[in-house]
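Remarks on the structure that follows.
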Amino acid sequence: MAYEGLGAEDLHLWRGERHVLDGVAFTLPPGFCLHVAGANGSGKTTLLRAVCGLLYAETGRILWNGRDVSEDLPAFHSGLMYIGHEPPLKSDLSALENLRYWLGVRRRLTHSLLEGALQRVGASAWSDRPVRTLSAGQKRRVALAALSLALVPLWLLDEPTTNLDTAGQQLVGTLIEEQLARGGLVLAATHQDLPVARERVKRLELAVE
Amino acid sequence: MNWTWFHRLASPPYIFALARRLTPWFGWTSGLLIAAGLYGGLVLAPPDYQQGDGFRIIYVHAPSAWMSLMVYTTMAVAAAIGLIWRIKVAHAVAASCAPIGASFTFAALATGSLWGAPMWGTWWEWDPRLTSELILLFLYLGYMGLRGSIEDTQRADRASAVLAVVGIVNVPIIHYSVTWWNSLHQAPSVMRLGKPAMPVAMLVPLLIMLLAFTLFFVAVLLVRLRGEILSRERAASWIGEALGS
Amino acid sequence: MTRFFDMGGYALYVWPSYAITLGAVVLNVIWARRSLSRARAAARRRLAGGGSGT
Amino acid sequence: MSNVTAVTGEPAALAGEEGRGPPAPASMLDAARLVLLRDLKLAFRRRGQLVQPLAFFAMVTTLFPLAVSPELSRLREVAPGVLWVAALLASLLALEFLFRDDAHDGTLEQYSLSGQPLTWLMLAKTVTHWLLTGAPLALMAPLAALSLGAPGASVPGIVICVAVGTVALSLIGSIGAALTLGIRRSGVLLALLTLPLSLPVLIFGARATELAIRGSAYGAPLELLAAMAILGITLAPLAAAAGVRISLE
């Protein structure tokens, strides 16, 4: 049963009376993207949070390269990036400062790396403005820069394309494809289409209870 | 190592049935013992040579004070077990403890004050034991306040469990600091429980009452526990059976 | 008998103490029973209402 | 095992920037330094919030002469109590902000998923809280004490006592702040949880300050205060981290 990549077995999770995850299971080999689809309230966010260990699933396990992640959560965490609905940015700091403090907790950074990542997502022009003055789409782009900087094998993205213009959505697609080409894995929860080549995408449809 | 007994013990249906079977035993035994203790304490025990009949308050004050600490300890141990091994039944035990402990802490404070009134000539004295008891009441209130403010039962269980464990680490420190503080500011208190020379006729009813209250705690805990288990189980098939009878 | 109730002059302190403590005992019994019956009622409602789960 | 190939995703396959190998992970010390620097920088961008607890402390200690009496001999007697109650309340006031913004904008999530020990990051945050409230309070306390009739010679003693005591207060407070995360209008509850636990700090702190004002040796209560601070450093971040994790669930 030891396989490479990410797997989930029989995840059950309740929120109060609601049975949000009802025996969810999937496997995802390296180089593939799992598109978690479903209507609002079908548990997309819950699944992502359960996979990365923020939520505790009452039954079931998460497997990473064939091993139960609960055996060594810190090691699992250092190999993943989770980006929720709202990019975790401090409104009083600039984009550059945000990235330095956010990613710096995980890995060593140099100024040129930060600059490069920001340039990549088209943020050079406004990287020293306080995040409070940025638009929702610009904040998303900062989060994309963080993703590419982290260089981790597993990405968990909650609605990665919201608030982005067409060019921004293309950028998401390109970044995901690069990640897959590196042998990385992506879990993306969105009710929209993913701008990624079909043959690399597996689909998981969640139903509302 | 064989852990099956552990899992059996932690399984809600088993505990639920066990609690239902054991409740009457604990309940009636404690009822009989309370009656015996009251008779012994109020009638058989001789008056104290210093405090006269006023000392008879000890038969309700000491068991209440004992309950306040014992219940808190039980709560903290159950909370720690629930936190570490994620055992729902343990959280249910902890949740059942708080109101019982708080009510007896209040009784211990009230009876302590009533006992102190004729002895000290004032209704409240910053006596170390009473002060510790007061802080313990605040700890209980904080625990129940935290539980009450979190809607999701699981989160409430885990957050309040952390608080209970933090509290039990602090209880000895608080007690020590209050005693230390008290020793600076006033003479040792009049109320001394551990008098070694307590005559047997006085001591026996006290021991009976301590035992009776402990059994009473178990009985009430078992009843509350069943309620807490029911509210934590979701549509499990055994609930139908449990409710049917 | 009056001597018993007088408690050597401490009646004002002894009897309220016993009343408060036994009151706590009785209240605990009542509260525990009520919380159990509430939980029962809630569980029954749950079984009757959303019993489709699992 | 057989299907492990060079292509599939060992983390090393993600070899980083322009083929320079995988990124070097940040050390625990780096992580703590960044958490601390970030909070300091944020605090200085919002100076108003920073000054509030200090202004509160000054206000409360000013109220006492007006409420009790302007006689310095009487004020000197109550001064330790006034200082410590005011410090306790001021530290409590600042606690509400300790994790609130981080919880709101998702920073706590990122901390708990960073692969760094959350306990350690919580300790870094609590140290920041102390630097922003405890340390300034320790510097302000002598001023308040002087205005309450304490002799000038007692200043160093008061600074040390308040500095050590507020370390313990920040640590105890971090537990309460973590546990009340996500609760609306948590202020009163936070006080109810934190104040009973802070009682020993109040007792030993006030006693040490009293001795310092009288000019006697205050070593014994100060040592007890320090013992509590050390116990807090070892245990409180664990509880705070557990509380934060629970609040994220």
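Residue numbers (the working numbering), protein chains in the order written: chain A, 681 to 889; chain B, -2 to 242; chain C, 38 to 91; chain D, 2 to 250.
Ideal placement from N, C-alpha and C gives every residue a C-beta, glycine not left out.
DSSP bridge partner residues for E689(A) (one or two, in chain order): For E689(A), the beta-bridge partners assigned by DSSP are R741(A).
Beta-ladder partner(s) of K882(A), from DSSP: According to DSSP, K882(A) bridges with L714(A).
Beta-carbon neighbours of C732(A), restricted to chain F and to distances below 7 Å: No chain F appears in the structure shown, which is made up of the protein chains A, B, C and D.
Cβ distance (whole Å) where L30(B) is taken to contact Y69(B) below 8 Å: Approximately 22 Å separates the beta-carbon atoms of L30(B) and Y69(B); this is outside 8 Å, ruling out the contact.
Range of the contiguous beta strand (DSSP E) that encloses W117(B): Where W117(B) is concerned, there is no enclosing beta strand (DSSP E), although the alpha helix (DSSP H) around it starts and stops at K85 to W117.
Given 8 Å, three or more beta-carbon pairs between the region 52 to 61 of chain C and the region 103 to 112 of chain B: Because the criterion of three Cβ pairs below 8 Å is met, the region 52 to 61 of chain C and the region 103 to 112 of chain B touch.
Residue nearest to M206(B) in terms of C-alpha spacing, selected from W82(B), R155(B), A59(B) and V197(B): From the listed residues W82(B), R155(B), A59(B) and V197(B), the smallest Cα separation to M206(B) is found for A59(B).
Per DSSP, the bridge partner or partners of W694(A): Paired residues: H699(A).
Helix, strand or coil at P81(D) [DSSP, three-state]: In the structure shown, P81(D) adopts helical secondary structure according to DSSP, grouped into three states.
Near-chain A residues of the region 123 to 155 of chain B (beta-carbon distance less than 7 Å), N- to C-terminal order: Within the region 123 to 155 of chain B, the qualifying residues are D149.
Residues bridged to A221(D) [DSSP beta-bridge criterion]: Residue pairing for A221(D): DSSP places it in no beta bridge.
Inter-residue spacing [alpha-carbon to alpha-carbon] between P238(D) and Y36(B): If you take the alpha carbons of P238(D) and Y36(B), they lie about 51 Å apart.
C-alpha distance - P152(D) paired with F58(D), whole-angstrom precision: Looking at the two C-alpha atoms, the distance is approximately 20 Å.
The region 772 to 779 of chain A touching the region 799 to 811 of chain A, judged by at least three CB pairs closer than 8 Å: Touching, yes.
Spatially closest choice to A87(B) from S100(B), I170(B) and A73(B), by CA coordinates: That would be A73(B), whose Cα lies nearest to the Cα of A87(B).
From R53(B), D45(B) and G49(B), residue whose alpha carbon lies closest to that of G34(B): The candidate whose alpha carbon is nearest that of G34(B) is R53(B).
Test item: CB-CB of L753(A) and G733(A) under 8 Å: Using a Cβ distance threshold of 8 Å, L753(A) and G733(A) count as a contacting pair.
Min CB distance G863(A) to chain B below 8 Å: Nearest CB-CB separation between G863(A) and chain B: not below the 8 Å threshold.
contact_flag[the region 107 to 116 of chain B, the region 148 to 159 of chain B] where n(CB pairs < 8 Å) is 3 or more: No, they do not touch.
Extent of the continuous alpha helix (DSSP H) to which W835(A) belongs: It is not in any alpha helix (DSSP H) - W835(A) instead sits in the beta strand (DSSP E) that spans L834 to D838.
Where V866(A) sits in the DSSP three-state scheme: V866(A) falls in the strand class under three-state DSSP.
Chain-ordered neighbours of G696(A) on chain B, where CB pairs are closer than 8 Å: Neighbours of G696(A) on chain B, chain order: E148, D149 and T150.
Residue(s) in a DSSP beta bridge with V704(A): Partner(s): L691(A).
Exposure of F22(B), with buried meaning 16 or more beta-carbon neighbours within 10 Å: A small fix is needed here, since residue 22(B) is Trp in this sequence, not Phe. Result: exposed.
Chain A residues whose Cβ lies nearer than 7 Å to that of T120(D): Chain A residues near T120(D): none, gap ~11 Å exceeds 7 Å.
N-terminal and C-terminal residue of the alpha helix (DSSP H) that I204(D) is part of: Residues G188 to R215.
Whole-angstrom distance between R787(A) and Q117(D), CA atom to CA atom: Cα-Cα distance, rounded: 10 Å.
Whether A730(A) touches L691(A) by CB criterion (8 Å): Taking 8 Å as the Cβ cut-off, A730(A) and L691(A) qualify as a contacting pair.
Contact check, L714(A) vs L831(A), beta carbons under 8 Å: With a cutoff of 8 Å on beta-carbon distance, L714(A) and L831(A) are scored as not near each other.
Cross-strand partners of M761(A) (DSSP beta bridge): Beta-bridge pairing links M761(A) to W835(A).
Contact set for A682(A): own chain, Cβ-Cβ below 7 Å, skip 5 residues either direction: Because A682(A) sits at a pLDDT of 48, beneath the cut-off of 50, its placement in the model cannot be relied upon, and the following sentence gives the value as read from the coordinates. Correct list, in chain order: G746.
Contact residues within the region 161 to 181 of chain B, judged by C-beta distance below 9 Å to chain D: Result list: V162, V163, G164, V166, N167, I170, I171, Y173, S174, V175, W177, W178 and L181.
Run of the alpha helix (DSSP H) containing I184(D), from where it starts to where it stops: For I184(D), there is no enclosing alpha helix (DSSP H), as DSSP marks it with neither H nor E.
Assigned secondary structure, G158(D) (DSSP; H/G/I helix, E/B strand, else coil): In the structure shown, G158(D) sits in a helix (DSSP, three-state: H, G or I).
Within 7 Å of chain C by C-beta, residues of the region 203 to 216 of chain B in sequence order: Those residues of the region 203 to 216 of chain B that come within reach of chain C (Cβ to Cβ, closer than 7 Å) are F213.
Whole-Å CB distance - W63(B) paired with F210(B), under 8 Å assumed: Indeed they touch by this definition, with Cβ atoms about 7 Å apart.
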